[in-house]
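> One structure follows; several queries about it will come next.
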Amino acid sequence: MRSSGQGRLETFLASLSAAEAAILAADWEIFARADQLPPPGDWSTWAIIGGRGSGKTRAGAEWVAGAVHGRLGAAPVGRIALVGETMAAVRDVMVEGVSGLLHVGFASERPLWEPSKRRLTFPNGAVALAFSSEDPEALRGPQFDAAWADEAGKWVRAEATWDMLAFGLRLGERPRTVVTTTPRPTPLMRRLLADPSTVVTRATTADNAANLAPGFVAALTRRYGGTRLGRQELDGELIDDREGALFARDAIEASRVHAAPPLVRIVVAVDPPASHRKGADACGIVAAGIDAEDQVFVLADHSAAGLKPDEWAARAAALYRAVEADSLVVEVNQGGDMVTAVMGEVAPDIPVTAVRAIRSKHLRAEPVAALYAQGRVHHVGALPELEDELADFGPSGLSSGRSPDQLDALVWAVTHLALRPVPQARVRGL
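According to this note's numbering, the stretch in the sequence shown is residues 140 to 569, in order.
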């Protein structure tokens with residue numbers, strides 16, 4: 140049916156009786172997206188990682204309903220654990236919610252819900268019991284051959300709950316667990332995603348736009364797109380802080396603004412690469428400004444890899460003019476006089492300040508990180524690639540095993556603006 144032409148599909152649907160249409164609508168394998176169907180293979184945990192409204196709950200409920208009757212590639216199961224953040228969450232989302240177990244699958248196969256007993260009983264005798272992450276000890280004793288764990292990233296006593304659940308999954312030939320969650324950087328989430336027996340499928344909120352209110356995705360994307368919150372809650376990304384990282388995502392997020400105030404000085408800083416060959420470091424190009432209150436605003440990140448000297452010089456010059464900067468700060472460790480010469484050839488009207496790194500990247504970044512911690516540096520809008528590099532920058536001076544060129548450019552810009560004496564300049568807005 141997926142491959143049928145639109146006209147043929149509409150003709151076919153119009154030919155169905157109301158009862159036939161209802162049966163067809165309940166057949167999940169016809170209407171589910173590929174990421175909502177169980178993956179092949181001998182997995183023990185299927186983690187459905189997705190943004191808000193991406194269809195995770197529906198996929199989890201349909202998997203349980205299908206497994207109870209031996210569909211969706213599963214052997215029939217008879218004892219299922221339903222585990223949520225709280226008992227109210229299990230009731231309101233997993234059971235009674237619009238995508239919960241009382242509303243999915245074929246009507247004749249839907250279970251009887253007994254809230255006082257925390258129990259769902261299916262017509263074929265299969266039983267699902269509800270549990271809360273607030274009380275992992277309640278999982279001690281019961282045994283299961285399947286489990287659905289919802290929003291594990293929000294669980295209260297997460298690891299204890301997961302461990303107790305694992306001990307109870309001892310029925311059948313191949314007990315399986317489906318985890319449906321928006322990712323959060325918790326120890327349990329890291330543990331699950333690192334486990335080789337976990338199979339992961341991912342979905343974004345936008346993937347399910349057809350089933351959401353008109354304009355919902357566009358409105359949230361306009362407001363949160365690219366931010367840490369948006370990447371986590373809309374794109375389903377696990378946004379983590381590296382242990383020992385110099386810059387904290389929380390500090391970046393707390394100081395983010397949508398627009399910069401009038402600024403007294405603006406600079407564009409450039410950290411040129413040693414080579415433009417494939418696999419070489421990127422050219423860091425970052426614009427920032429400072430206001431009359433000594434608050435720094437990071438305006439843009441135009442860093443890019445694979446640029447020849449004249450190309451990165453032109454890119455830096457274009458950003459300089461776009462933000463109406465006062466100075467172009469260029470690190471000359473890689474290339475020396477050639478760097479300033481290239482800028483002079485490409486943009487002879489732009490004043491260039493050459494800087495040379497003497498101390499290590501980490502030592503140069505420390506005072507800038509202190510300004511972030513004090514709330515004195517604000518990112519204007521979302522700068523996701525730069526922010527990822529900041530959050531992964533550790534004592535080694537590397538970020539994800541590579542030279543942090545965007546960070547380097549940022550450090551030069553902020554240092555030039557806020558960490559050295561400068562003359563007063565005019566006040567203007569962007």
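In this text, a Cβ means the ideal position worked out from N, Cα and C, and glycines have one as well. The structure presented is a predicted model; accordingly, all values stated were derived computationally and were not measured.
#1: Measuring only the C-alpha atoms, how far is methionine 477 from valine 491?
#2: Can you tell me whether alanine 521 is helix, strand or coil according to DSSP?
#3: Are the Cβ atoms of leucine 373 and threonine 325 separated by less than 8 Å?
#4: Whose C-alpha, out of Asn350, Ala358 and Glu298, is nearest the C-alpha of arginine 329?
#5: In three-state terms, what does DSSP make of serine 142?
#6: Given a cut-off of 8 Å, decide if arginine 367 and aspartate 531 are closer than it, judged by their beta-carbon atoms.
#7: Can you name the start and end residues of the beta strand (DSSP E) that tryptophan 287 belongs to?
#8: What first and last residue would you give for the beta strand (DSSP E) that runs through isoleucine 497?
#9: With 16 as the cutoff for other CB atoms within 10 Å, does serine 336 come out buried or exposed?
#10: Under DSSP, the alpha helix (DSSP H) around leucine 458 begins and ends at which residues?
#11: Pull up the DSSP beta-bridge partners for threonine 319, would you.
#12: Nearest-angstrom Cα distance between phenylalanine 436 and valine 407?
#13: If we ignore side chains and look at the alpha-carbon of each, how far apart do tyrosine 511 and valine 403 end up?
#14: Using 8 Å as the threshold, is the C-beta distance between valine 232 and leucine 221 below it?
#15: Taking contact to mean at least 3 C-beta pairs separated by less than 8 Å, is the stretch 238-248 in contact with the stretch 202-219?
#16: For the pair the stretch 188-195 and the stretch 259-268, tell me if three or more CB-CB distances fall below 8 Å.
#17: If proline 448 sits next to valine 481, beta carbons under 8 Å apart, how far is it from one beta carbon to the other, in whole angstroms?
#18: I need the DSSP call for leucine 251, collapsed to helix, strand or coil.
Considering the structure as presented:
#1: Cα to Cα, methionine 477 sits roughly 13 Å from valine 491.
#2: Correct three-state label for alanine 521: coil.
#3: No, these two residues do not count as a Cβ contact at 8 Å.
#4: Scanning Asn350, Ala358 and Glu298 for the CA closest to the CA of arginine 329 turns up Glu298.
#5: Since pLDDT at serine 142 reaches only 48, below the 50 mark, its modelled position is unreliable, and the value read off the structure follows with that caveat. Residue state, collapsed to three classes: coil.
#6: Contact: no.
#7: Element bounds for tryptophan 287: 285-289.
#8: Note, isoleucine 497: premise wrong, no beta strand (DSSP E); not H, not E.
#9: Burial state of serine 336 is exposed, judged by a 10 Å Cβ sphere holding fewer than 16 other Cβ atoms.
#10: Looking at the DSSP string, the run of the alpha helix (DSSP H) that includes leucine 458 is 448-461.
#11: According to DSSP, threonine 319 bridges with Ile187 and Asp289.
#12: C-alpha separation (whole angstroms): 12 Å.
#13: As the crow flies, the alpha-carbon of tyrosine 511 is around 20 Å from that of valine 403.
#14: Not a contact, by the Cβ cut-off of 8 Å.
#15: The answer is yes - the stretch 202-219 touches the stretch 238-248, with three or more Cβ pairs under 8 Å.
#16: With a cut-off of 8 Å, the stretch 259-268 and the stretch 188-195 do not count as touching, because too few Cβ pairs lie within range.
#17: Right, their Cβ atoms sit about 5 Å apart.
#18: Leucine 251 falls in the strand class under three-state DSSP.
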